[in-house]
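Take any residue in the sequence shown, note its place counting from 1, add 308, and you have its number in this note's numbering.
A short write-up of the structure that comes next.
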Amino acid sequence: MRERDDEWTGLMRSAIAGDSAAYHRLLKAVTPVLRAAARRGLARAGQPVDQSEDIVQDILLAVHLKRHTWDVTAPFAPWLFAIARNKLIDALRRRGRRIFVDIDDFAETLPGEAPAETASASEVAAQLQTLPARQRDVLQSIAVDSASIKDTAAKFSMTEGAVRVALHRGLTSLTAKLREQ
């Protein structure tokens, strides 16, 4: 362990001095250790280890961005492992407390989703005719003809804001009428 820390410290000192090959060797050397630590930390927290690679990438990114803060007279490993511990804690906090259950075990006993109620095209067309002309025209243009708000505004000599208002009001009215049925 002491030899590894001395090697990492030497590589980091060289990297800080501008040796990109040493920096590459350092990152290559620490990655498997960080990966194992992330997997261990996730397992200890009762979490699946599938997110360990994301945590390792966060650690390596933090090392890269904060390498200028490392004290070249201090050993490298404690600095690295402090970052690793903090990144693991951050990841666990983001995940929150979750219990993972494989849904395939329960697929036969879970009820399926109830089909969404839909109105027929003729019902929608009939209710569309009851709307004020401007709302009907805007809905027809945008929802049926797939025109943009900009194109619809130009077509009916309206502002884009007025088209949005007419669209919203028309959809609200149409929805209310279809729910009544």
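Just so it is clear, CB atoms sit at the ideal spot from N, CA and C, and this is done for glycine as well.
All values derive from a computational prediction rather than experimental measurement.
Helix, strand or coil at residue i according to DSSP, with G and I counted as helix
i: S456; result: coil
i: P386; result: helix
i: P340; result: helix
i: G349; result: helix
i: D314; result: helix
i: T467; result: coil
i: S428; result: coil
i: L486; result: helix
Beta-carbon gap between residue i and residue j smaller than 8 Å
i: S360; j: R352; result: no
i: I397; j: V371; result: no
Cα-Cα separation between residue i and residue j, rounded to whole angstroms
i: Q437; j: E431; result: 10 Å
i: E468; j: A455; result: 12 Å
i: K485; j: A429; result: 14 Å
i: P340; j: L368; result: 12 Å
i: M320; j: D379; result: 10 Å
i: R444; j: R472; result: 13 Å
i: K395; j: D313; result: 20 Å
i: W316; j: R333; result: 9 Å
Member of the options whose CA lies at the smallest distance from the CA of residue i
i: Q355; options: A441, V338 and A399; result: A399
i: I363; options: L350, R375, K374 and L373; result: L350
i: H476; options: V338, I457 and K463; result: I457
Nearest-angstrom beta carbon gap, residue j and residue i [assumed within contact, 8 Å]
i: L439; j: G404; result: So it is not a contact: roughly 45 Å between Cβ atoms.
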